[in-house]
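In my numbering, the protein residues as written are 1285 to 1479.
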């Protein structure tokens, strides 16, 4: 049964607001480290923080970006929203992370946030993508390749493991791939920074 449109839009707005909490900024400020948007790849995400400030701050950044959208998604699930309605709430989280209004719409690439959203909506798909990301990142030493491959695999995995969410996962994938346009160009030139 479809939820009222006002409820879905309200939850999507809450998802957007939660998504605008950029873990990299909070973690780096608390640690007295430089703003990751000003150095390196200028991306406020796990990979850039790892390159700039090391594993401890990068893992803290990852944790924030993964969990920040979970409360609103749990609420949406408890309210019985349909897969597409849940997808809209999750999309709100990803849009908030990628285009945060309070940071002049300069956000992250959405990989960690997408993982967190999918961990709630399609946990087995999320875990498969995470394993692929880790294997590729370890072998290729390039976060962009691992992220692009994992995003591309997500719809295929969802066809098998969560078919009711396949359309939703495709939308998430397109957003993540779109946020990696500059990385794709750098990969083509051979100057994408390694992990």
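From the three backbone atoms N, C-alpha and C, an ideal C-beta is built for every residue, glycine too. Bear in mind the structure is a predicted one, so any value in this text is a computation, not a measurement.
- Query: Where residue 1434 and residue 1323 are concerned, what is the direct C-alpha to C-alpha distance, given to the nearest angstrom?
  - Reply: By one-based count along the chain shown, residue 1434 stands at place 150. By one-based count along the chain shown, residue 1323 stands at place 39. Approximately 26 Å between the Cα atoms of the pair.
- Message: Quick check: the stretch 1464 to 1474 against the stretch 1424 to 1439, are at least 3 beta-carbon pairs closer than 8 Å?
- Response: yes
- Query: Nearest CA to the CA of residue 1383: which residue from 1460, 1471 and 1478?
  - Reply: Start at 1 with the first residue of the chain shown, and residue 1383 comes out as number 99. Closest option to residue 1383, Cα to Cα, is 1460.
- May I ask you to report which of helix, strand or coil DSSP gives residue 1323? Along the chain shown, read from residue 1 onward, the residue named residue 1323 stands at position 39. If DSSP states are grouped into helix, strand and coil, residue 1323 belongs with coil.
- Message: Using the three-state DSSP reduction, which class does residue 1290 fall into: helix, strand or coil?
- Response: Position 6 of the chain shown, counted from the start, is the residue given in the question as residue 1290. It is helical.
- Query: Counting Cβ pairs, one atom from each stretch, are 3 or more of them under 8 Å apart for the stretch 1406 to 1418 and the stretch 1443 to 1455?
  - Reply: yes
- Message: Residues in the same chain with beta-carbon distance under 7 Å from residue 1321, minus the five sequence neighbours each way, listed in chain order, please.
- Response: Locating residue 1321 in the chain shown gives position 37, counting from the first residue. So the qualifying residues of the chain are 1328 and 1390.
- Query: Can the beta-carbon of residue 1311 be found closer than 8 Å to that of residue 1348?
  - Reply: By one-based count along the chain shown, residue 1311 stands at place 27. By one-based count along the chain shown, residue 1348 stands at place 64. Yes. Within cutoff.
- 8 Å contact criterion, which residue 1337 and residue 1317 should meet: CB distance rounded: Against the chain shown, residue 1337 aligns to sequence position 53. Against the chain shown, residue 1317 aligns to sequence position 33. Yes, residue 1337 and residue 1317 are in contact; Cβ-Cβ is about 5 Å, under 8 Å.
- Item | Coarse secondary structure for residue 1426, derived from DSSP in three states | The count along the chain shown starts at 1 and reaches residue 1426 at position 142. Correct three-state label for residue 1426: coil.
- Cβ pair residue 1370, residue 1357 closer than 8 Å: Within the chain shown, numbered from 1, the residue matching residue 1370 stands at position 86. Within the chain shown, numbered from 1, the residue matching residue 1357 stands at position 73. Yes, they are a contact pair.
- Query: Nearest to residue 1313 by CA position, among 1351, 1291, 1335 and 1344, is which residue?
  - Reply: In the chain shown, residue 1313 corresponds to position 29, counting from 1. The candidate whose alpha carbon is nearest that of residue 1313 is 1344.
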